[in-house]
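The sequence shown runs 855 to 1175 under my numbering.
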Amino acid sequence: MAGGGGGGGGGCRRVRGPELRELLASKRDVLFDCDGVIWNGEAAVAGAPEAVRLLKQRGKRVFFVTNNCTRPRCNYAHKFSRLGFSGVAEEEIFSSAYCSAAYLRDVAQLRGKVFAIGGHGVLQELRDAGLDVVSEDEADGPDFSIYDFPLDPEVRAVLVGFDEKFNFIKLAKACCYLRDSEVLFLATDPDPWHPLRGGRITPGSGSLTAALETASSRKAMVIGKPSRFMFECIASQFDLDPAQSLMVGDRLETDILFGANCGLSTVLTLTGVSTLEQAQEYKDSESPEKKDFVPDYVVDSIGDFLEALEEEQPQQEEGEE
855 MAGGGGGGGG GCRRVRGPEL RELLASKRDV LFDCDGVIWN GEAAVAGAPE
905 AVRLLKQRGK RVFFVTNNCT RPRCNYAHKF SRLGFSGVAE EEIFSSAYCS
955 AAYLRDVAQL RGKVFAIGGH GVLQELRDAG LDVVSEDEAD GPDFSIYDFP
1005 LDPEVRAVLV GFDEKFNFIK LAKACCYLRD SEVLFLATDP DPWHPLRGGR
1055 ITPGSGSLTA ALETASSRKA MVIGKPSRFM FECIASQFDL DPAQSLMVGD
1105 RLETDILFGA NCGLSTVLTL TGVSTLEQAQ EYKDSESPEK KDFVPDYVVD
1155 SIGDFLEALE EEQPQQEEGE E
C-alpha cells in the first residue's frame, strides 16, 4: 500500500488515518493544486494551513501546482499568507503563467515578442522572465476592426490564458500572427470553465484557446496540467523523483491525469470540481484512455491529511522536549 500507484489506472481507494499516514510517509514530495484543494475563493479549506505546516515539519517538500494564471507568483504568496499559510515561498508556487514564461525563455529560447491573450498574471510573469510583450492597443469597441491595428513584425509567439477582456479584435490579431507557421502557439492551460459562487461558472483558458484553434486551424501546445512540462519545470529546479512524489487535486481531467502522465501517485480530494461518482464512472469505463482519469486514492478533504499527521504529533512533541 505504501508505494501507491502512479502512471494511471488508479484504484480509487478511500484512505484515512493510518493508511493515509503510511502513504504520506512513503513520499518525499507533495504537489497540491490550489483552487478546490487548498482554498475555495477567499477561504482556506478547513485544516489546509495546518496540514501544509505539518507536512513540512515531517521533512516533506511541498509544491503548489495551479492552472490558474490570473495572478503572478508574488500575489499567490500574499494570498497564502492572507489565508493563514505560514512560510510558503514564491519558489514553491508553479502556476501555468509562470511555467509558460519559463518555457518561452528557457526551452523555446524565444527571440522576439509575445502576443499574449491574458490578464495581469500572464503579462507580469512574461515580463518578469525578461520577455518582450506586445503592448495593448488603446482602441477597443465595435467601431474598430482588424484593419485599425498594425501588426508587430517581431511577434514570434502567441500565448493564450484566462482573459476576462477577451474580444473579437484580440482573436483576430492572434489569427493574423498565427498565419506564420514559425510563430509559436501556446496555451497556459486547457481548463474549459471554472466554478463561481451561486452555482455560476466562467469560461476558462481552454475555451478561449479552442476559439483560436478553430479560427487559425492550428493546435496550441498546452503548458499547464495535464501537460508534463509543469512537473519537468519543478523537477529541473528541485530534482523531483516521480516515484517519491504525490499529486493532490480536485479535477480528474487535469490534476489526476497530470499525475498519471508524470508517473506520480494521485489523490482526489472532494472539496472541488470532481466527484467520487465521476471517478468511479471512469474506473468502470471500457475506454483505456479514461483509466488515466482515475485517482489512486480519494480523501474527503485535505483535512484528512491533518488528522493523519496529528495522530503522531503528541509523541513527537514529547520527544522534542
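Quick reminder that beta carbons are idealized off the backbone N, C-alpha and C, glycines included. Just so it is clear, the structure is predicted and the values come from calculations on it, not from any experiment.
Local Cβ density within 10 Å of residue i, reported as buried at 16 or more and exposed below that
{"i": "N1021", "result": "exposed"}
{"i": "I947", "result": "buried"}
{"i": "G1058", "result": "buried"}
{"i": "E1131", "result": "exposed"}
{"i": "L1005", "result": "exposed"}
{"i": "G864", "result": "buried"}
{"i": "R875", "result": "buried"}
{"i": "V1088", "result": "The sequence given here has Ile at residue 1088, not Val. Buried, because 16 or more other Cβ atoms sit within 10 Å of the Cβ of I1088."}
Close beta carbons around residue i, own chain, < 7 Å, minus the five adjacent residues each side
{"i": "L977", "result": "A970, V987"}
{"i": "C866", "result": "A1133, Q1134, K1137, V1148, P1149, V1152"}
{"i": "R907", "result": "S940"}
Whether residue i touches residue j by CB criterion (9 Å)
{"i": "E1161", "j": "G938", "result": "no"}
{"i": "P972", "j": "G913", "result": "The question names Pro, but residue 972 is Gly in the sequence shown. No. Outside cutoff."}
{"i": "D1104", "j": "T1125", "result": "yes"}
{"i": "F822", "j": "F918", "result": "Missing from the structure shown is residue 822; the chain here goes from 855 to 1175 and no further."}
{"i": "F1039", "j": "R1082", "result": "no"}
{"i": "F1159", "j": "L1118", "result": "no"}
{"i": "L1163", "j": "L878", "result": "yes"}
Cβ separation of residue i and residue j, assumed to be a contact under 8 Å, to the nearest whole Å
{"i": "M1101", "j": "L885", "result": "5 Å"}
{"i": "L1050", "j": "T1056", "result": "6 Å"}
{"i": "A897", "j": "S1155", "result": "With 8 Å as the limit, A897 and S1155 do not qualify as a contact, their Cβ atoms being about 13 Å apart."}
{"i": "Y930", "j": "I1077", "result": "At roughly 17 Å, the Cβ-Cβ gap does not stay under 8 Å, so Y930 and I1077 are not in contact."}
{"i": "N921", "j": "D1045", "result": "5 Å"}
{"i": "S950", "j": "C928", "result": "Not really, about 16 Å apart at Cβ, beyond 8 Å."}
{"i": "N1115", "j": "P1080", "result": "5 Å"}
Contact set for residue i: own chain, Cβ-Cβ below 8 Å, skip 5 residues either direction
{"i": "P1168", "result": "Bear in mind that a pLDDT of 49 at P1168, under 50, signals an unreliable position, so the model cannot answer this."}
{"i": "S968", "result": "Here residue 968 is Val; the residue named in the question, Ser, does not match the sequence. Excluding positions up to five away in sequence, the list reads L958, L980, L985, D986, V987, V988, V1009, R1010, A1011, V1012, L1013."}
Other residues of its chain near residue i: CB distance less than 6 Å, five sequence neighbours each side excluded
{"i": "P926", "result": "G975, Q978, E979"}
{"i": "G966", "result": "E1008, R1010"}
{"i": "D1043", "result": "N921, S950, S1059, G1078"}
Whole runs of the alpha helix (DSSP H) within the segment 1004-1046, excluding any shorter than 4 residues: 1022-1032
Counting only runs of 4+ residues fully inside the segment 1038-1089, write out the alpha helix (DSSP H) ranges in chain order. 1059-1070
Alpha helix (DSSP H) segments (min. 4 residues) lying fully within the segment 907-993: 927-936, 950-956, 974-982
Can you give, in chain order, each stretch of the beta strand (DSSP E) that sits fully within the segment 1097-1123 and has at least 3 residues? 1099-1103, 1119-1123
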